[in-house]
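Mapping of the sequence shown onto UniProt numbering: residues 1 to 145, in sequence order.
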Amino acid sequence: MANDTRDTAEHGPKMRILVYSSDASAREQVRLAIGRRPAADVPKVEIIECATSPVALKHLEDSGIDVAILDGEAAPVGGMGLCRQIKDEIYQSPPVLLLIGRRDDGWLAAWSRADKAVSHPIDPVALAESLAELMRARAARLAAR
Numbered sequence: 001m002a003n004d005t006r007d008t009a010e011h012g013p014k015m016r017i018l019v020y021s022s023d024a025s026a027r028e029q030v031r032l033a034i035g036r037r038p039a040a041d042v043p044k045v046e047i048i049e050c051a052t053s054p055v056a057l058k059h060l061e062d063s064g065i066d067v068a069i070l071d072g073e074a075a076p077v078g079g080m081g082l083c084r085q086i087k088d089e090i091y092q093s094p095p096v097l098l099l100i101g102r103r104d105d106g107w108l109a110a111w112s113r114a115d116k117a118v119s120h121p122i123d124p125v126a127l128a129e130s131l132a133e134l135m136r137a138r139a140a141r142l143a144a145r
């Protein structure tokens, strides 16, 4: 069950962002790109980092994750396959931002049913903008319930 984290006040609730990658440096790049808040009109974030797919799935099933950022280049379980699994198996799954190896992999992101995709190398501005869009959409969806 997701937290009600729609308040954008300075000390209000945070949105929980899951970052999955087997590469610690990729997780760090994502964390640095996001900062404390990816845009002024969205809540601050709490980042949950995962290096393995079982841990990522556990958080997604149990922890009220608002948006998931998955590395398509992760090994042994890639973010594309994990995204597809999340969309198939988790009721009202959170939106997914997929990190893809190159722009030409966009069709794979579509196959995985990712909501957004950003290609490596990670562009901090593009990542923050894409995440902020997904956070706004998630907040609107939760508010409509």
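Every residue, glycine too, gets a C-beta built ideally from N, C-alpha and C. The structure presented is a predicted model; accordingly, all values stated were derived computationally and were not measured.
| Check | Outcome |
| --- | --- |
| Would you mind stating whether Glu46 and Lys87 have Cβ atoms separated by less than 7 Å? | no |
| With DSSP as the reference, identify every bridge partner of Asp71, one or two as the case may be. | Leu99 |
| Between Arg102 and the rest of its own chain, which residues show a CB-CB distance below 6 Å, the 5 nearest in sequence each way excluded? | Ser119 |
| Short check: CB of Ile17 to CB of Val77, under 7 Å? | no |
| Quick one: Cα of Glu73 to Cα of Glu133, how far? | 23 Å |
| Can you tell me the Cα-Cα spacing of Ala24 and Arg31, whole angstroms? | 10 Å |
| So, at 8 Å on beta carbons, what are the nonlocal neighbours of Glu61 in its own chain, with the 5 sequence-adjacent residues on each side left out? | Ile90 |
| Do Leu82 and Ser53 have their beta-carbon atoms positioned less than 7 Å apart in this structure? | yes |
| Could you give the distance in angstroms between the alpha-carbon of Val96 and the alpha-carbon of Gly12? | 23 Å |
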